[in-house]
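In what follows, a single structure is set out as structure tokens and then discussed.
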Amino acid sequence: MECRRCAVHCDKVVYPAACLERSCPFVYAYEEHGHTYIGCMQKIYEVEIDLGMLRAAERRRDGFGAVRATRAPLPMCRSGVEPCFGGRLPELGCANPEFNELPAGSPTFRVFARLDSK
């Protein structure tokens, strides 16, 4: 998940606020110590985020921002690539052409139940 072909360190990132906006079925929430925390059941990102802080940050102009993706983002995830040391980037950006693409082959999630519409 990291670009190693250029002189910068690039990370795939996801935007947890978009998970809530898009009503992602993989978002979970729990309450502890008077706060509500959210996370991703698929572990696309591993951190658990204070929902109150996320909402407060989203009211600001810059919003909450991105967190590092620890797995390949799902098709419904709002994701991107964040470079560190951007001044070292070549003119075309990150040198891995496949870095922004979804992985080929099997999906990164498993269907465990199907609803029959009969």
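Using the numbering used here, you'd call the opening residue of the sequence shown number 24 and step up by one each time. Every residue, glycine too, gets a C-beta built ideally from N, C-alpha and C.
- For alanine 41, same chain residues with a beta-carbon under 6 Å away, outside a window of 5 residues either side, are Arg101 in chain order.
- Counting along the chain, glycine 62 sits inside the beta strand (DSSP E) bounded by residues 58-63.
- Cβ neighbours of leucine 74 within its own chain (closer than 6 Å, five residues either side excluded): Thr59 and Ile61.
- With 16 or more other Cβ atoms inside 10 Å of its own Cβ, alanine 89 counts as buried.
- Taking every protein chain shown into account, the CB of alanine 92 has 16 or more other CB atoms within 10 angstroms, so this residue is buried.
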